[in-house]
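Heads up: the sequence shown at position 44 corresponds to 43 in numbering that gives the first Met the number 0, and the numbers run straight through without jumps. Just so it is clear, CB atoms sit at the ideal spot from N, CA and C, and this is done for glycine as well. Following: one structure in C-alpha cells, then a few remarks.
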Amino acid sequence: MSTLALLVVLLLVITDILFLGAIGYLADRHPRLAKPLAACGTWADALIATVALVVALR
Numbered sequence: 000m001s002t003l004a005l006l007v008v009l010l011l012v013i014t015d016i017l018f019l020g021a022i023g024y025l026a027d028r029h030p031r032l033a034k035p036l037a038a039c040g041t042w043a044d045a046l047i048a049t050v051a052l053v054v055a056l057r
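What follows is the structure, encoded as C-alpha cells:
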C-alpha cells in the first residue's frame, strides 16, 4: 500500500473511534437515547463503510 492509502486508513480508524465515543457519550448522558441495538447498528454501519472504503482503496 502507498503512504497515502495508509494515511487514509489511519484517519478512518481514528474517525471510527471518535464516532463510537460520541455514541457512547450520548447514550450515557441521555438515557432515552440508550437503545443498545440502535447504537450498535449505527456503529456497525460506520465500520462496514470504513472496511468497504479500505477495500476499494486497495
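Inter-residue distance for His29 and Leu9 is about 30 Å (C-alpha atoms, whole angstroms).
In the three-state scheme derived from DSSP, where H, G and I count as helix and E and B as strand, Arg28 is classed as helix. A check of alpha carbon separations from Leu46 across Ala55, Leu11, Ser1 and Thr2 identifies Leu11 as the nearest.
When the Cα atoms are used, Ala51 and Arg31 turn out to be separated by approximately 31 Å.
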